[in-house]
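What follows is one structure encoded as structure tokens, with my remarks underneath.
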Amino acid sequence: MKQNRLIDLRNISVKLGGNQILQDMNLYIRDKEFVTLLGPSGCGKTTTLRLIAGFLQPDSGDIFFEGKSINNEPPHKRQVNTIFQRYALFPHLNVFDNIAFGLRLQKKKKSEIKKRAEKMLSLVNLNGFGEREVNSLSGGQQQRVAIARALAVEPRVLLLDEPLGALDLKLRKDMQLELKKIQRRMGITFVYVTHDQEEALSMSDTVVVMDGGIIQQIGTPIDIYNEPVNAFVADFIGESNIVDGVMLGDNRVRFSGHDFDCLDAGFAKNEEVDVVVRPEDVDVFTPSEHTMLKGQVTTNTFKGVHFEMIVDIGGFLWMIQTTQYHPVGAQVGLSIEPNAIHVMKKSQYSGMFGDYSCYTEEYYELSEPGAE
Numbered sequence: 365m366k367q368n369r370l371i372d373l374r375n376i377s378v379k380l381g382g383n384q385i386l387q388d389m390n391l392y393i394r395d396k397e398f399v400t401l402l403g404p405s406g407c408g409k410t411t412t413l414r415l416i417a418g419f420l421q422p423d424s425g426d427i428f429f430e431g432k433s434i435n436n437e438p439p440h441k442r443q444v445n446t447i448f449q450r451y452a453l454f455p456h457l458n459v460f461d462n463i464a465f466g467l468r469l470q471k472k473k474k475s476e477i478k479k480r481a482e483k484m485l486s487l488v489n490l491n492g493f494g495e496r497e498v499n500s501l502s503g504g505q506q507q508r509v510a511i512a513r514a515l516a517v518e519p520r521v522l523l524l525d526e527p528l529g530a531l532d533l534k535l536r537k538d539m540q541l542e543l544k545k546i547q548r549r550m551g552i553t554f555v556y557v558t559h560d561q562e563e564a565l566s567m568s569d570t571v572v573v574m575d576g577g578i579i580q581q582i583g584t585p586i587d588i589y590n591e592p593v594n595a596f597v598a599d600f601i602g603e604s605n606i607v608d609g610v611m612l613g614d615n616r617v618r619f620s621g622h623d624f625d626c627l628d629a630g631f632a633k634n635e636e637v638d639v640v641v642r643p644e645d646v647d648v649f650t651p652s653e654h655t656m657l658k659g660q661v662t663t664n665t666f667k668g669v670h671f672e673m674i675v676d677i678g679g680f681l682w683m684i685q686t687t688q689y690h691p692v693g694a695q696v697g698l699s700i701e702p703n704a705i706h707v708m709k710k711s712q713y714s715g716m717f718g719d720y721s722c723y724t725e726e727y728y729e730l731s732e733p734g735a736e
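To get this note's numbering, take the position in the sequence shown, counting from 1, and add 364.
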């Protein structure tokens, strides 16, 4: 079933303090979709959330909700609710009263308030917690109360601004799964802001990658990971080896001194390109005279499931993830299948990412005697 556009941001630009935060942004969000705005600090993702919520007005452009402009609609009249990283629970109210707060502002009947608040407690797995003081709850429980309070007023859209940032790693992973379940059960739109690529990949229907106030790429998590449009996206979404290459023709690319078959086409002959190879997509073995890529292991870190090696290939440092152990100093050969090679157009990000020299320098600094 085709989903309808629920929110539409058209030609949105915002300046704050003389800085261009968003520049001619165009983005639509579908009904019942889980959309994640992903990018580094200062990329404009939280500003986008504030625009949708009505806490900020665009300098130019329009925001539509179901085809109707809401530029001048105040926050309390928009069918959205927001959860911030700091949950802003009311410490003088117990859990039940926190959840019921918005319903009382809407002047709902007591019976309806009780019914809906208890439903929300069940939704976030806090049955029996209604009389608890919020300050007695763990961070994860407080976050569940914040979610229940936001959903109790039945918004069409829930906006979440890095809500898991204050939680420890294990709880954060648990809550990622929980949030996706809640979104599916409620059947409403979630717009989620994070700088954590794992959160984006694990929860989202659609990921919007941003940098410098500009959308770099929009797509499913699989598309964003496997088919990044430029070096910024390739580097920000997971680890990537990004090397300079030249397209010799359709399905043939040259990099690191050798020619490779690939699945990419449509580039000009001899066009300079960026080539992405993910660390987990490289096969490592003992080199032979027929090996195309040869290098020396400079570091090897055990990660539990795999070894993470840095391999020096002609002065360019590659990251390789493999289940096979190769000691530091070993000579290794690399094999790369055509479907593991992704070719991208050159961009303003070319040459900025993909060489793991900084990783190795940091490793050796930490290995020196007396290093903290």
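Quick reminder that beta carbons are idealized off the backbone N, C-alpha and C, glycines included.
Integer Cβ distance of residue i from residue j, believed to fall under 8 angstroms
{"i": "residue 516", "j": "residue 480", "result": "6 angstroms"}
{"i": "residue 629", "j": "residue 645", "result": "Not confirmed; about 20 angstroms, so no contact."}
{"i": "residue 523", "j": "residue 445", "result": "7 angstroms"}
{"i": "residue 370", "j": "residue 430", "result": "6 angstroms"}
{"i": "residue 387", "j": "residue 578", "result": "6 angstroms"}
{"i": "residue 558", "j": "residue 520", "result": "Actually they do not touch by this definition, with Cβ atoms about 21 angstroms apart."}
{"i": "residue 447", "j": "residue 512", "result": "No, residue 447 and residue 512 are not in contact; Cβ-Cβ is about 10 angstroms, not under 8 angstroms."}
{"i": "residue 581", "j": "residue 555", "result": "About 17 angstroms separates the two Cβ atoms, so there is no contact after all."}
Rounded separation between residue i and residue j - CA only
{"i": "residue 534", "j": "residue 687", "result": "24 angstroms"}
{"i": "residue 374", "j": "residue 657", "result": "47 angstroms"}
{"i": "residue 586", "j": "residue 502", "result": "34 angstroms"}
{"i": "residue 617", "j": "residue 710", "result": "14 angstroms"}
{"i": "residue 412", "j": "residue 603", "result": "27 angstroms"}
{"i": "residue 651", "j": "residue 669", "result": "24 angstroms"}
{"i": "residue 561", "j": "residue 376", "result": "25 angstroms"}
{"i": "residue 550", "j": "residue 488", "result": "11 angstroms"}
{"i": "residue 451", "j": "residue 368", "result": "31 angstroms"}
{"i": "residue 384", "j": "residue 495", "result": "47 angstroms"}
{"i": "residue 736", "j": "residue 672", "result": "Legend: pLDDT at residue 736 = 45, less than 50; position of this residue unreliable, value from coordinates given subsequently. Looking at the two C-alpha atoms, the distance is approximately 22 angstroms."}
{"i": "residue 366", "j": "residue 548", "result": "For residue 366, the predicted model reports a pLDDT of 48, less than 50, meaning its position is unreliable and no value from the coordinates is stated."}
{"i": "residue 594", "j": "residue 718", "result": "12 angstroms"}
{"i": "residue 438", "j": "residue 393", "result": "20 angstroms"}
{"i": "residue 588", "j": "residue 473", "result": "47 angstroms"}
{"i": "residue 483", "j": "residue 458", "result": "16 angstroms"}
{"i": "residue 544", "j": "residue 655", "result": "45 angstroms"}
{"i": "residue 490", "j": "residue 509", "result": "8 angstroms"}
{"i": "residue 434", "j": "residue 414", "result": "13 angstroms"}
{"i": "residue 540", "j": "residue 633", "result": "45 angstroms"}
For residue i, the residue or residues it bridges with in DSSP
{"i": "residue 684", "result": "673"}
{"i": "residue 625", "result": "616"}
{"i": "residue 373", "result": "391, 427"}
{"i": "residue 555", "result": "399, 523"}
{"i": "residue 570", "result": "399"}
{"i": "residue 706", "result": "640"}
{"i": "residue 657", "result": "698"}
Any non-hydrogen atom of the ligand PLP within 7 angstroms of residue i CB
{"i": "residue 650", "result": "For the structure depicted, the ligand PLP is absent and the ligand set is empty, with no information on it obtainable."}
Nearest residue (CA-CA) to residue i, options the options
{"i": "residue 609", "options": "599, 654, 621", "result": "621"}
{"i": "residue 566", "options": "542, 576, 582", "result": "542"}
{"i": "residue 692", "options": "663, 526, 591", "result": "663"}
Would you say the region 395-414 touches the region 564-574, given that touching needs at least three Cβ pairs under 8 angstroms? yes
Contact between the region 634-643 and the region 701-708: three or more CB pairs below 8 angstroms? yes
Could you tell me whether the region 488-500 touches the region 418-426, where touching means 3 or more Cβ pairs closer than 8 angstroms? no
Inter-stretch contact at 8 angstroms, needing at least 3 Cβ pairs: the region 657-666 / the region 674-688: The region 657-666 vs the region 674-688: in contact.
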